[in-house]
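Everything in the sequence shown is counted per my numbering, starting at 1306 for the first residue and increasing by one.
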Amino acid sequence: MKVAPSLLSCNFLELKEEIADLHAAGADYLHFDVMDGQFVPNISFAFPVLQQIRSITDLTIDTHLMIQDPERYIQAFADAGSDIITVHVESTKHIHRALQMIRNAGKKAGITLNPGTPVESIIPVLDMVDLVLVMTVNPGFGGQSFIKSGVDKIRSLNEYRNKHGLSYEIEVDGGVNEDTALLCKAAGADVLVAGSYFFKHDDYKVPVKILKGEVG
Ligand code: DX5
Ligand code: ZN
């Protein structure tokens, strides 16, 4: 199991130290949530912060774009240092083109879907993604409760992957804690994003170990 702390819940006044601590604790990805106030009802951060993070770490930067018509900014996120760029199927009329743009920029392509969007809506593009992000909250805010119907989606995506010989990672985002992590793991998830649960710990080795299932 990989662990991807969501920087939305970190202490921005100590960002450099936070990233060093996440690295030392064994985090796998840095989950970078971009919100535009249109696709979701909140605004977060983007290029200047991303560039500065890139300049101090070689951890995989996992960029979650919660923005309308993400095609407009894919190259800019690639240039700013993202390793994985994930777009919402609901955010563009041209999801296939958006995924092609990410691959053409030399980055790993991720697709994601809101809790109310069925898995069927992304099946036509599953053979062109490196990662599928299952949202288990409505995107826009940290600290919300896990929506359990996401577990069935994880299971379907795992079955589809096995049946078709595909190798995308299945990542889960929203309301992940020590209990919901177990449900995700049992259903076939590979990567857990965690924000509020993760950063409430003083020692980040603790949530890393718990989410990876290394302690009971
Ligand atoms: C929600 C974001 C998440 C968020 C998760 O829109 O995509 O990555 O930070 O926060 P928690 O883990 O607190 O639900
Ligand atoms: Zn996210």
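Note that CB positions come from ideal geometry on N, CA and C, so glycine has one too.
I'd like to confirm something about His-1393: is its beta-carbon nearer than 6 Å to some heavy atom of ligand 2, or not?
Numbered from 1 along the sequence shown, position 88 holds the residue referred to as residue 1393. Not so, every heavy atom of ligand 2 lies at least 6 Å from the Cβ.
For Phe-1503 and chain C, any beta-carbon pair shorter than 7 Å?
In the structure shown, chain C does not exist; there is a single protein chain.
Own chain residues within Cβ distance below 6 Å of Gly-1331, not counting five before or after:
Here residue 1331 refers to the residue found at position 26 of the sequence shown. Correct list, in chain order: Val-1513.
Comparing alpha-carbon positions, which option in His-1401, Ile-1389, Leu-1364 and Ser-1349 lies nearest Lys-1321?
For the purposes of this step, residue 1321 is identified with residue 16 of the sequence shown, where counting begins at 1. Of His-1401, Ile-1389, Leu-1364 and Ser-1349, the residue nearest in Cα terms is Leu-1364.
Near Gly-1518, what residues of its chain come up, given a Cβ to Cβ distance below 7 Å and the 5 sequence neighbours on each side ignored?
For this step, residue 1518 is matched to residue 213 along the sequence shown. Only Met-1306 and Lys-1490 meet the Cβ criterion.
Can you tell me which of the three DSSP states Ile-1416 falls into?
Along the sequence shown, one-based indexing puts residue 1416 at 111. Reduced to three states, the DSSP call for Ile-1416 is strand.
Considering only the beta carbon of each residue, do Val-1442 and Leu-1404 sit closer than 7 Å?
As a working mapping, residue 1442 is identified with position 137 in the sequence shown. As a working mapping, residue 1404 is identified with position 99 in the sequence shown. No, these two residues do not count as a Cβ contact at 7 Å.
Please tell me whether, using a cut-off of 6 Å, the distance from the CB of Asp-1338 to the nearest non-hydrogen atom of ligand 2 is below it.
Walking along the sequence shown from the start, residue 1338 turns up at place 33. Correct: Asp-1338 has its Cβ closer than 6 Å to ligand 2.
Assign Leu-1435 to buried or exposed, taking buried as 16 or more other Cβ atoms, counted over all protein chains shown, within 10 Å of its Cβ.
Reading the sequence shown from its first residue, position 130 is the one you call residue 1435. A quick correction: the sequence has Asp, not Leu, at residue 1435. Buried.
Does the Cβ of Ile-1475 have 16 or more other Cβ atoms within 10 Å, making it buried, or fewer, making it exposed?
Taking the first residue of the sequence shown as position 1, residue 1475 is located at position 170. Flag for Ile-1475 reads buried.
Considering only C-alpha positions, which residue in the set Met-1433, Asn-1467 and Pro-1444 is nearest to Asp-1478?
As a working mapping, residue 1478 is identified with position 173 in the sequence shown. Out of Met-1433, Asn-1467 and Pro-1444, Pro-1444 has the C-alpha closest to the C-alpha of Asp-1478.
Quick check on Met-1440: does DSSP put it in helix, strand or coil?
Stepping through the sequence shown from its first residue, residue 1440 is reached at position 135. Reduced to three states, the DSSP call for Met-1440 is strand.
Relative to the C-alpha of Gly-1421, which candidate in Asn-1347, Ser-1454, Ile-1428 and Lys-1398 has its C-alpha closest?
Your numbering for residue 1421 matches position 116 in the sequence shown. Closest option to Gly-1421, Cα to Cα, is Ser-1454.
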